[in-house]
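According to my numbering, the sequence shown is numbered sequentially starting from 9.
Read the structure below first, then the notes.
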Amino acid sequence: MSDAPGADSPTRFYLVNFESYLRPKQPNKCQPLQRFEKPNGRTTFLYRNLKRLKILRWYSSASKRFEQLPLPKFLGFLRARNDDGLCKRKTGFEIYCEMASIHGFHIFVGAKTWQRILWWLLICNAVLLSLILVVMSLSMSKETPTIRFIDTMMKPTAKVPFPAVTICAFNTIFTQGLQNREWMSASVMEQVTRRNASWLELLEDAALPICPLVKVCQWDTRMVNCLDELQPIWTLDQRLCCTFGYNQQLFSSHLGFSFVLRSSDTDLQSSQSAGFEVLIHESHEMPDGATPRLLVPSGSEAHIMLRPYVNRFSRNLEGLSLQKRGCYFPTERRLMSSDVYNQINCLAECRSENILESCGCAPPKSPLGKSWPICDIQQMQCVIDFDHDEISSGEQKNCDCLPPCEFNRYEFQSDIRLIKGMTNNSIVSTSNQGRTNEVRVRVYYDSSTAEELLLDVYENWLTFIGTFGGITGLFMGCSFVSVFELIFFSCVRPTCNWLTRKQILWRRRRNQRVGNTEARSLGPAN
C-alpha cells in the first residue's frame with residue numbers, strides 16, 4: 009500500500025493561536041504601560057471636607073429615605089429606575105422624555121426620585137404660568153377687541169375735507185321780528201293761543217338772521233366772493249345760524265375760509281355781550297350745544313388754526329361683529345337727515361322718534377320723517393317734560409347710535425385781538441361809543457400734514473400665534489415640533505403598538521389553528 013492519501017481523507021485544519029498572533033515579535037523593544045497618579049484638585053479637597061463633616065452621608069441617607077416615600081399611582085413615573093435601563097422595559101413616558109424637545113423632560117432619564125419630583129414641580133409651574141398668561145391675553149383681547157394707534161404715514165391736509173364753519177350770534181332773539189307782530193303784548197301765551205300761532209312761526213320770527221350780516225367771504229386761494237355758498241341752518245338747540253361748507257366736501261391747501269361780519273346796534277341791543285360764536289364741525293354733522301366753538305366778541309379779529317385728525321379703520325374689522333368693534337361702517341346704517349352716518353345726527357333722529365312716540369309729534373327744526381306731525385304750542389310742555397326726564401335718567405332710550413369707524417376730528421387754537429384804528433369811513437361804521445361791531449374771522453389749517461389714526465383689531469390669528477408661541481417658548485421652549493411630538497407619543501405610537509399586538513396575537517392564533525389542523529389530519533394516518 010502506498011502512503012498517498014486517499015480520496016476520502018478528511019480535510020486538514022491549521023489552528024492559529026490568536027494570542028500568539030498578537031504577541032509582539034520583538035518584546036525587547038516594547039515599552040511598559042505608563043501609569044499616572046490622579047492629581048489632588050479642588051474637587052477632591054472639597055469632597056474630603058464634606059466627607060469629614062458627614063454631609064455626604066447625611067445627603068445619601070436623606071435621598072434613600074426620600075426615595076422610599078410612597079407616591080400615588082398616577083405619579084409612579086417619578087420614581088427612579090432600579091436598573092441601568094437595559095434589562096427593564098422602558099415606558100412610553102420615558103421614551104418620550106428621551107426624545108422630547110421641551111425643556112426639562114430629558115432630566116427624567118437616569119435621574120433620581122427627588123430630582124424627578126423637583127423637575128416635575130418646575131415643569132408644572134412653567135405650564136401653569138404659561139396658561140395663566142395665555143388666558144390673560146385672551147381676556148384682554150375680549151375686553152378690548154379693537155385698538156386705535158397712530159399710523160406712521162402722515163396725510164396731507166389738502167386731501168382732508170375742510171370742516172363746516174357755522175356762525176351763530178350771542179343774541180338768539182330778533183327783537184325787530186317780534187315787534188312786527190302787533191299781537192305780541194304782555195300776555196304772550198294768551199295771545200298766541202288766540203291767534204293760533206305755531207311753534208315754528210315763533211321760532212322763525214324770533215330768530216336773528218346771520219347770513220345777511222356777512223359782508224365779505226373768501227374761500228381758499230380763489231379771490232371769489234363765496235356769499236352765495238352761505239346757507240342758513242337750524243342747530244339742534246333751535247338756533248338760527250349761518251354755515252359754510254355744510255353737506256359739501258371742500259378741500260383747502262392753506263388759506264382756508266375768511267369772512268367779515270357786521271351787526272347793527274339794534275340787533276345787539278337785547279344782549280349784554282355783543283359778539284358771535286364760530287362752530288367747527290364735520291360737513292355732514294348737525295351742530296348742537298356740544299359742538300366745539302369759539303366766542304368772538306364784536307370789534308375783534310380772530311384766527312382759528314385747525315389741526316385735523318383723520319380716523320380710519322383697518323379691513324381686519326370686517327371680521328368682527330358690531331358688538332365687538334363698537335362702531336358703524338360708512339354704509340352700514342342709513343339716516344333720514346344725512347347720507348353719511350354721524351353719531352350726533354343719529355342721536356337727534358332718535359330723540360325725534362322718542363318724542364313722536366311720547367307726544368305724538370316731533371319738535372320743529374329737528375330731523376323729521378316725511379309724514380311726521382310737527383309739535384305746536386300745546387305740545388311744547390310735553391317736549392319740555394320729555395327732555396327733563398331724559399336729562400334726569402342720563403341716557404337715551406332705544407338708541408343704537410354707535411360712533412362711526414371712519415371720521416375726521418378737528419382741534420383748533422385761536423388768536424383773538426381787538427381791531428384798532430377803525431373810523432366811520434371804513435368798511436364798517438362804528439357806534440357812537442367808539443366801538444365797532446365788525447368781526448373778522450379766518451379759519452385755516454396750521455400744518456400741511458394731518459395725523460392719521462388707524463382703528464384695528466387688538467389681536468388677530470397671526471398675533472395670537474406669536475403671543476402663544478412667545479409665552480410657551482419662554483416658559484417651556486415649546487414649538488410646533490413639540491406639539492407634533494406630543495401628539496405622536498400620546499396618540500399615534502400607542503395606537504400603532506396596540507395594532508401590532510393585535511396583529512401578533514392574530515398570527516399566533518392562526519398558527520395554532522394551522523398546527524391543530526395538521527395534527528388532526530396526520531393523527532389517523534399514523
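Cβ atoms here follow ideal geometry from the backbone N, Cα and C, with glycine treated the same way.
These figures come from a predicted structure and were not determined experimentally.
Legend entry - Selection from 265, 112, 167 and 271 that minimises the alpha carbon distance to residue 176: Residue numbering aside, residue 176 sits at position 168 when the sequence shown is read from its first letter. The shortest Cα separation from residue 176 among 265, 112, 167 and 271 belongs to 271.
Inset, instruction - Return the Cβ separation of residue 291 and residue 334 in integer angstroms, given the expectation that the two are a contact with Cβ distance under 8 Å. - result: Sequence index remark: in the sequence shown, residue 291 carries index 283 (1-based). Sequence index remark: in the sequence shown, residue 334 carries index 326 (1-based). No, residue 291 and residue 334 are not in contact; Cβ-Cβ is about 24 Å, not under 8 Å.
Inset, instruction - State whether the segment 413-432 contacts the segment 299-310, with contact taken as three or more CB pairs (one from each stretch) at a distance under 8 Å. - result: yes
Legend entry - Distance between residue 468 and residue 141 (C-alpha atoms, nearest Å): Taking the sequence shown and counting its residues from 1, one reaches residue 141 at position 133. Taking the sequence shown and counting its residues from 1, one reaches residue 468 at position 460. Computed Cα separation, rounded: 17 Å.
Legend entry - Simplified DSSP assignment, three categories, for residue 227: For this step, residue 227 is matched to residue 219 along the sequence shown. Residue 227 falls in the strand class under three-state DSSP.
Inset, instruction - Could you check how far apart the C-beta atoms of residue 163 and residue 391 are, in whole angstroms? I think they sit under 8 Å. - result: By one-based count along the sequence shown, residue 163 stands at place 155. By one-based count along the sequence shown, residue 391 stands at place 383. That belief does not hold up - the Cβ atoms of residue 163 and residue 391 are roughly 43 Å apart, past 8 Å.
Inset, instruction - May I ask you to report which of helix, strand or coil DSSP gives residue 174? - result: One-based indexing of the sequence shown puts residue 174 at position 166. Here DSSP, grouped into helix, strand and coil, assigns residue 174 to strand.
Legend entry - Counted within 10 angstroms of its Cβ, other Cβ atoms place residue 458 as buried (16 or more) or exposed: Mapped onto the sequence shown, residue 458 falls at position 450. By the neighbour-count rule (16 or more Cβ atoms within 10 Å), residue 458 is buried.
Inset, instruction - Could you pull the start and end residues of the alpha helix (DSSP H) that residue 104 belongs to? - result: Taking the first residue of the sequence shown as position 1, residue 104 is located at position 96. Unbroken alpha helix (DSSP H) run through residue 104: 100-107.
Legend entry - Beta-carbon proximity of residue 301 to residue 314, cut-off 7 Å: Here residue 301 corresponds to residue number 293 of the sequence shown, with the count starting at 1. Here residue 314 corresponds to residue number 306 of the sequence shown, with the count starting at 1. No, they are not a contact pair.
Inset, instruction - For residue 371, collect the residues of the same chain with a Cβ closer than 8 Å to its Cβ; drop the 5 residues on either side in sequence, then sort them by chain order. - result: Position 363 of the sequence shown, counting from 1, holds the residue named residue 371. So the qualifying residues of the chain are 207, 246, 360, 363, 382, 383 and 391.
Inset, instruction - Return the first residue and the last residue of the alpha helix (DSSP H) that residue 341 is part of. - result: Start at 1 with the first residue of the sequence shown, and residue 341 comes out as number 333. Neither: residue 341 is in no alpha helix (DSSP H) and is coded neither H nor E.
Inset, instruction - Say whether the segment 316-331 touches the segment 461-481, bearing in mind that this needs 3 or more beta-carbon pairs closer than 8 Å, one atom from each stretch. - result: yes
Inset, instruction - Pick out whichever of 117, 215, 413 and 447 has its Cα sitting closest to the Cα of residue 241. - result: Position 233 of the sequence shown, counted from the start, is the residue given in the question as residue 241. It is 215.
Inset, instruction - Please state whether DSSP places residue 313 in a helix, a strand or coil. - result: For the purposes of this step, residue 313 is taken as residue 305 along the sequence shown, with counting starting at 1. Three-state result, residue 313: strand.
Inset, instruction - Helix, strand or coil for residue 491, going by three-state DSSP, please let me know. - result: Working through the sequence shown from its first residue, we reach residue 491 at position 483. The answer is helix: DSSP assigns residue 491 an H, G or I state.
Inset, instruction - Could you tell me if residue 1 is buried or exposed, where buried requires 16 or more neighbouring beta carbons within 10 angstroms of its beta carbon? - result: The displayed coordinates of the chain run from 9 to 534. Any statement about residue 1 would go beyond what the structure contains.
Inset, instruction - Answer with buried or exposed for residue 264, where buried requires no fewer than 16 other C-beta atoms within 10 angstroms of its C-beta. - result: Here residue 264 is taken as the residue at index 256 of the sequence shown, counted from 1. Around the beta carbon of residue 264, 16 or more other beta carbons sit within 10 angstroms, so the residue counts as buried.
Inset, instruction - Report the partner residues of residue 304 according to the DSSP bridge assignment. - result: Your numbering for residue 304 matches position 296 in the sequence shown. Bridge partners of residue 304: 284.
Legend entry - Opposing strand residues paired with residue 289 [DSSP bridges]: Translated into the one-based positions of the sequence shown, residue 289 becomes position 281. Residue 289 pairs with 172.
Legend entry - Opposing strand residues paired with residue 247 [DSSP bridges]: Your numbering for residue 247 matches position 239 in the sequence shown. Paired residues: none, contrary to the question.
Inset, instruction - Confirm, please, whether the CB-CB distance from residue 131 to residue 112 is below 7 Å. - result: In the sequence shown, counting from the first residue as 1, residue 112 sits at position 104. In the sequence shown, counting from the first residue as 1, residue 131 sits at position 123. A contact, by the Cβ cut-off of 7 Å.
Inset, instruction - Could you say which of 516, 171 and 524 lies nearest to residue 251 if we only look at CA atoms? - result: Indexing the sequence shown from 1 puts residue 251 at position 243. If we check each option's Cα against that of residue 251, 171 comes out closest.
Legend entry - C-beta contact flag for residue 497 and residue 104 at 7 Å: Locating residue 497 in the sequence shown gives position 489, where the first residue counts as 1. Locating residue 104 in the sequence shown gives position 96, where the first residue counts as 1. Yes, the pair counts as a contact, with Cβ atoms nearer than the cut-off.
Legend entry - Alpha-carbon to alpha-carbon, residue 373 and residue 386: Looking up residue 386 in the sequence shown gives position 378. Looking up residue 373 in the sequence shown gives position 365. Near 17 Å, if we compare the C-alpha coordinates of residue 373 and residue 386.
Inset, instruction - Have a look at residue 347 and residue 417 and give me their C-alpha separation to the nearest angstrom. - result: By one-based count along the sequence shown, residue 347 stands at place 339. By one-based count along the sequence shown, residue 417 stands at place 409. So the alpha carbons of these two residues sit roughly 19 Å apart.
Legend entry - Environment of residue 294 [buried if 16+ CB atoms lie within 10 Å]: In the sequence shown, the residue the question calls residue 294 occupies position 286. That one is buried.
Inset, instruction - Report the rounded CA-to-CA distance for residue 243 versus residue 174, giving the unit in angstroms. - result: The residue labelled residue 243 in the question sits at position 235 within the sequence shown. The residue labelled residue 174 in the question sits at position 166 within the sequence shown. Put simply, the backbone Cα of residue 243 is about 10 Å away from that of residue 174.
Inset, instruction - Return the chain-ordered list of same chain residues with a C-beta closer than 7 Å to the C-beta of residue 484, the five sequence neighbours on each side being excluded. - result: Indexing the sequence shown from 1 puts residue 484 at position 476. For residue 484, where only same-chain residues beyond five positions count, the Cβ hits under 7 Å are 110, 111, 134, 135 and 138.
Inset, instruction - For residue 126, verify whether its CB is less than 6 Å away from any heavy atom of the ligand ATP. - result: In the structure shown, the ligand ATP is absent, as is every other ligand, since no ligand is present at all.
Legend entry - residue 440 burial status per 10 Å Cβ neighbour count (16 or more: buried): Indexing the sequence shown from 1 puts residue 440 at position 432. Low per-residue confidence applies at residue 440: pLDDT is 41, beneath 50, and the placement is therefore not dependable, though the value from the model is reported in the following sentence. Here residue 440 is exposed, its C-beta having fewer than 16 other C-beta atoms within 10 Å.
Inset, instruction - Tell me whether residue 520 is buried or exposed, calling it buried when 16 or more other Cβ atoms sit within 10 Å of its Cβ. - result: As a first step, residue 520 must be located in the sequence shown, where it is residue number 512. Of the other Cβ atoms in all chains shown, fewer than 16 fall within 10 Å of the Cβ of residue 520; this residue is therefore exposed.
Legend entry - Exposure label - residue 339; buried when at least 16 CB within 10 Å: For the purposes of this step, residue 339 is taken as residue 331 along the sequence shown, with counting starting at 1. Exposed, because fewer than 16 other Cβ atoms sit within 10 Å of the Cβ of residue 339.
Legend entry - Own chain partners of residue 126 with C-beta closer than 7 Å, once the 5 adjacent residues on each side are dropped: Counting from one through the sequence shown, the residue named residue 126 turns up at place 118. If we look at residue 126 and ignore the five residues flanking it on each side, it has no Cβ neighbours.
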